[in-house]
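Asks: Numbering (my numbering), first residue to last: 3 to 68.
Even glycine gets a Cβ: it sits at the ideal position worked out from N, Cα and C.
Everything numeric in this text was worked out from a predicted model, so none of it was measured.
One structure coming up, written as structure tokens, with questions to follow.
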């Protein structure tokens, strides 16, 4: 049986926590910060835990990180 494929984009963007949740960076922070509100910039700092439906999708892309 061949190995399952892992999506390279998912490997770069997501990490699994010890409890099995998926950690991700904030979306929309690559450029254009001048037009964004200070509240958005503050809330988008660091990483966040994905919601259950999003987590289910990402786990399909990363079969060895369940």
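So what's residue 31 in DSSP terms, helix, strand or just coil?
Replies: Stepping through the chain shown from its first residue, residue 31 is reached at position 29. Here residue 31 sits in coil by DSSP.
Asks: Under a three-way DSSP split, which group does residue 18 fall into?
Replies: Along the chain shown, read from residue 1 onward, the residue named residue 18 stands at position 16. Strand.
Asks: Which value, in whole angstroms, describes the spacing of the CA atoms of residue 41 and residue 47?
Replies: Looking up residue 41 in the chain shown gives position 39. Looking up residue 47 in the chain shown gives position 45. Near 10 Å, if we compare the C-alpha coordinates of residue 47 and residue 41.
Asks: Look up residue 49 in the DSSP assignment and give the residues it is bridged to.
Replies: Mapped onto the chain shown, residue 49 falls at position 47. Partner(s): 27.
Asks: If you measure between the beta carbons of residue 25 and residue 51, is that distance less than 9 Å?
Replies: Counted from its first residue, the chain shown places residue 25 at position 23. Counted from its first residue, the chain shown places residue 51 at position 49. Yes, the pair counts as a contact, with Cβ atoms nearer than the cut-off.
Asks: Ordered along the chain, which non-local residues of its own chain (more than five positions away) have a Cβ less than 6 Å from that of residue 63?
Replies: Along the chain shown, one-based indexing puts residue 63 at 61. Once the five neighbours on either side are set aside, the close Cβ partners of residue 63 are 9, 12.
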